[in-house]
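To keep things clear, I will list the structure first and then write my remarks on it.
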Amino acid sequence: MKNGSFGATPSSASNSWLYLLERFDVGVVHLDLELRVMGMNDYARRSLPVQEKLPFGKLVLSFHPDAAQAKVKFLLGQAECPVNNAPPMAMMINIPDRVLLIKVSKIGDAQGATTGYTLVFYDITEVVSQEVQGGSAHDIRDVGEKRLLRKIPTIKKNRVLLVDVPGVSFIRSEGHYTWVHTSQGSQFCNLNIGDIESRLDPKLFLRVHRSYIVNLSRVDEIVRHDGRLTLRMMGSEPVEIPVSRASAPRLMEQFGLADAAAAKS
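Quick note: the sequence shown uses the working numbering, first residue -13, plus one each step.
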């Protein structure tokens, strides 16, 4: 598993920090003290549904789905905190199916009093995802026209760490956010589990429970007890993942055990 720090210096020039920075257009949205949208640059106008939502003069939170509202509130709260530097927040928004890296800074007057906020975003979809290639009709139906993630953006202090998808063992939901578990530990991601599930290859990853997605190649053992299934994952420390009854048939099918499961039932 390889963690890529957003801003680290890779070996190839095409992936270098400077090259990527030059490629990114920057969206800028200006908010007043009451969090109303007061202005935005041309790239933000092109990227966001301005004609549909008519956002100017309205609260910025009113244009986000419920799951994203909690993230935006947290982001704005961090920007106001006098002792914290807000970490960049990666979130999925439907424009459609893009991953934006968002940073909010408060704007102050000559005395340092807050007069408003500036929201800056980068579209990092090209960095963290890949086009869906082929696949069965079932797989294509599952992922639709979305791009599959090849890296999952996670947050550590003030850095965005890009976690290679093949190195992920499992993903655990915690409210609107998730924890991405690898052999090196766990890292916080503020994409929700549904967003991530829809962008992972369904041949390699499976949502086995409302709170868990597992990498099928990292499953070490399937345990059946009192009619329930549990997965034991590979790794130096034993981890057991619950399997919901609804997910059990598809899980067994993925491992070629559907007939055996039917015989036992």
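Where a beta carbon is used, it is the ideal one built from N, C-alpha and C, also for glycine. Predicted model, so just to flag it, every value in this text is computed and none were measured.
Contact annotation, residue 229 with residue 215: C-beta distance approximately 4 Å; criterion of less than 8 Å satisfied.
Judged by their CB atoms, residue 42 and residue 25 are nearer to each other than the 9 Å cut-off. In chain order, 101 place their CB closer than 7 Å to the CB of residue 95, counting only its own chain and leaving out the 5 sequence neighbours on each side. The Cβ-Cβ distance between residue 29 and residue 46 does not fall below 9 Å. Beta-bridge partners of residue 219 (DSSP): 205, 225. Assignment of residue 193 by DSSP, reduced to helix, strand and coil, places it in the strand class. Between residue 155 and residue 204, the C-beta gap is smaller than 9 Å, which places the two residues in contact. Around the beta-carbon of residue 162, 16 or more other beta-carbon atoms lie within 10 Å, marking it buried.
By the CB criterion at 9 Å, residue 179 and residue 139 fall outside the cutoff. According to DSSP, residue 173 shares a beta bridge with 166. Closest by C-alpha distance to residue 219, out of 206, 175, 164, is 206.
Linking residue 171 to residue 103 through their CA atoms gives a straight-line distance of about 35 Å.
Its Cα nearest to that of residue 12, the residue 106 stands out among 227, 106, 189. Residue burial is scored here from C-beta neighbours: residue 61 has at least 16 other C-beta atoms within 10 angstroms and is therefore classed as buried. In this structure, residue 192 keeps its C-beta atom at 9 Å or more from the C-beta atom of residue 134. The distance from the Cβ of residue 115 to that of residue 185 is about 7 Å, consistent with a contact at the 8 Å cut-off. Closest by C-alpha distance to residue 19, out of 85, 187, 9, 91, is 91.
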